[in-house]
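For the protein sequence lines, the chains are A and B, in the order given.
Residue 119 is where the first sequence ends in my numbering, and the numbering goes up by one at each step.
Residue 219 is where the second sequence ends in my numbering, and the numbering goes up by one at each step.
Note that the Cβ used here is the ideal one computed from N, Cα and C, for glycine as well.
Note that the coordinates shown come from a computational prediction; the quantities given were computed from them, not determined experimentally.
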Amino acid sequence: AQSVTQPDIHITVSEGASLELRCNYSYGATPYLFWYVQSPGQGLQLLLKYFSGDTLVQGIKGFEAEFKRSQSSFNLRKPSVHWSDAAEYFCAVGAHSGNTPLVFGKGTRLSVIA
Amino acid sequence: NAGVTQTPKFRVLKTGQSMTLLCAQDMNHEYMYWYRQDPGMGLRLIHYSVGEGTTAKGEVPDGYNVSRLKKQNFLLGLESAAPSQTSVYFCASSQLRDFEAYGYTFGSGTRLTVV
Numbered sequence: 006a007q008s009v010t011q012p013d014i015h016i017t018v019s020e021g022a023s024l025e026l027r028c029n030y031s032y033g034a035t036p037y038l039f040w041y042v043q044s045p046g047q048g049l050q051l052l053l054k055y056f057s058g059d060t061l062v063q064g065i066k067g068f069e070a071e072f073k074r075s076q077s078s079f080n081l082r083k084p085s086v087h088w089s090d091a092a093e094y095f096c097a098v099g100a101h102s103g104n105t106p107l108v109f110g111k112g113t114r115l116s117v118i119a
Numbered sequence: 105n106a107g108v109t110q111t112p113k114f115r116v117l118k119t120g121q122s123m124t125l126l127c128a129q130d131m132n133h134e135y136m137y138w139y140r141q142d143p144g145m146g147l148r149l150i151h152y153s154v155g156e157g158t159t160a161k162g163e164v165p166d167g168y169n170v171s172r173l174k175k176q177n178f179l180l181g182l183e184s185a186a187p188s189q190t191s192v193y194f195c196a197s198s199q200l201r202d203f204e205a206y207g208y209t210f211g212s213g214t215r216l217t218v219v
C-alpha cells in the first residue's frame, strides 16, 4: 500500500528566505505525486503535480518540486518566501491510472516571520 | 461551472444525532471520494465510489455510510454522531480519462462539530 511521510510537522522561516518542505513516499510503481496548499479555514489548492517526464516541475505561486526516484522523494521548494505563503502543505501520492484514491501525508504547517 | 459543491458548510450536531452530507459535482466525473481532515492527521479517506451504484471503504470507514444513487451525487451519512467525528470533511471527484491533467477536484469542505 502506498504511503506518504512529511517529516516536518511545523517549519518557521523568515520572509525572503528559501524554503524546502520534505515529502517521502512509498509506492510500488511509478507514482503520481501532488502538492496541495491549504490556507487557514480554506479548502485545498493544487500547487503542482508530477506525472512523468522532467523531474523538476513548476507550480503556481513560484513553487517548484523535484522528483527523485532513487530517494523516493518529492520535495517542495521556493527560493523566497512571502508572508502570504503561511499555510499548511500536503503531499499526496496516487496511481498513474487514477483508479486508486490518493494517499495524503499528515501535512507541514509553515509559519513566516518578518 | 460549479465543480464540486458540498452541503452544508457548517453543522453542529448533538451526540447520537444523525445527518447526511451531500457532495454534488457537475463535471460528469466517475470517481468520488470522502476524506476527513483532523489536526496533525492530514486527509484520511473514509469511503469512495468508482461509479454510480458502487461504493468502497477507505482507511477510516467506521461510523459512516455512503450512497451513490446518482452519478453526480455522493452522500456521506452519520447514523449516530460521536464527538470523535468532529472534523472537516472534504469531498473530491476525478475522471480517469483526464486524471493526468487535472487530478482531483475538491469541494470547499464541511466543518462538523459533534457536542
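In this structure, DSSP gives arginine 201 of chain B a helical state, which the three-state scheme calls helix.
In the structure shown, aspartate 90 of chain A falls within a helical segment according to DSSP collapsed to helix, strand and coil. Put simply, the CB of glycine 155 of chain B is far from chain A, with every gap to its CB atoms at 7 Å or more.
Under the three-state reduction of DSSP output, arginine 172 of chain B falls in the coil class, being neither helix nor strand. Using a Cβ-Cβ distance cut-off of 8 Å, the region 81-100 of chain A and the region 20-36 of chain A are in contact, since at least three pairs of beta carbons, one from each stretch, lie closer than that value.
Within the region 133-163 of chain B, the residues whose Cβ lies closer than 8 Å to some Cβ of chain A are Tyr135, Tyr137, Tyr139, Gly144, Met145, Gly146, Leu147, Arg148, Leu149, Tyr152, Val154 and Gly162, listed in chain order.
Boundaries of the beta strand (DSSP E) around asparagine 29 of chain A: 29-31. Taking 7 Å as the CB threshold, lysine 66 of chain A stays off the interface with chain B. Contact between the region 110-118 of chain A and the region 108-125 of chain B is not established, with fewer than three Cβ pairs separated by less than 8 Å. The C-alpha of glycine 155 of chain B lies about 30 Å from the C-alpha of proline 143 of chain B. The straight-line gap separating the alpha-carbon atoms of alanine 70 of chain A and alanine 160 of chain B is approximately 32 Å. Neighbours of serine 102 of chain A across chain B, judged by C-beta separation under 9 Å: Leu200 and Phe203.
No Cβ-Cβ contact shorter than 7 Å links serine 197 of chain B with threonine 214 of chain B.
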